[in-house]
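Asks: Would you mind keeping the following structure in view while I ask a few things?
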Amino acid sequence: KKIASYLNNKYNYEIVKLEINDSYFNMYEVIKDHMYIVDIAKDAIKNVGLTPITNPIRGGTDGARLTFDGLPCPNLGTGGFNYHGRMEFASINQMKKAVDVALEIVKIVAKKNANN
4 KKIASYLNNK YNYEIVKLEI NDSYFNMYEV IKDHMYIVDI AKDAIKNVGL TPITNPIRGG
64 TDGARLTFDG LPCPNLGTGG FNYHGRMEFA SINQMKKAVD VALEIVKIVA KKNANN
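So the sequence shown is numbered by this note's numbering: it starts at 4 and just counts up by one.
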């Protein structure tokens, strides 16, 4: 705000217009009421022979946006590492495991729905 005000005063007109909007939200505020989704993901990860690791994040992902649009959507690994940096890479083996996890989630949910 100070910089915008400084520049606008310096050039004697509104050269800078500042608008601040919320864009990152704490996903936990929505996910906490739908933890069964996280449990399904953890079960799927275990079922394909991996160990689930949960690292809560605040937002900034497609999953965060979808969550706040009414579709609780925790983030799952995709096989990528070191995102948005010079050392970013994706492992084909990890990507294959991500597909296995996604398919396992479908199986778990289908089985739960068949039993209801």
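C-beta atoms are modelled at their ideal positions from N, C-alpha and C, and glycine is treated no differently.
1) In whole angstroms, what is the alpha-carbon distance linking A93 and H37?
2) Inspect the CB distances between the segment 22 to 39 and the segment 72 to 92 and report whether three or more fall short of 8 Å.
3) If contacts are defined as beta-carbon pairs under 8 Å, then V102 and A47 qualify, I think. What distance do you get, rounded to the angstrom?
4) Is F28 helix, strand or coil when you go by DSSP?
5) Where do the ends of the alpha helix (DSSP H) carrying G66 lie?
6) How long is the line joining the alpha carbons of L21 and G63, rounded to whole angstroms?
7) On the DSSP letters alone, give me the boundaries of the alpha helix (DSSP H) that L106 sits inside.
8) What whole-angstrom Cβ distance do A44 and I108 have, given they're in contact under 8 Å?
9) Quick one: what's G83 bridged to in DSSP?
10) Going by beta carbon distance, what residues of the same chain come within less than 7 Å of V19, once the five residues before and after it are set aside?
11) Near E91, which residues of its chain fall below 8 Å by C-beta distance, leaving aside the five closest residues on each side in sequence?
Replies: This is what the structure gives:
1) Approximately 30 Å, taken between the alpha carbons.
2) They touch, by the three-pair rule.
3) Rounded to whole angstroms, the Cβ separation of V102 and A47 is 11 Å, and the two are not in contact under 8 Å.
4) Reduced to three states, the DSSP call for F28 is coil.
5) First-last of the alpha helix (DSSP H) with G66: 65 to 71.
6) The straight-line gap separating the alpha-carbon atoms of L21 and G63 is approximately 21 Å.
7) Residues 95 to 117.
8) About 6 Å separates the beta carbon of A44 from that of I108, a gap short enough to meet the 8 Å contact definition.
9) The partner list for G83 (beta bridge, DSSP) reads A93.
10) Closer than 7 Å at the Cβ level, and outside the excluded window around V19, lie A7, L10, N11.
11) Hits under 8 Å: G83, F84, N85.
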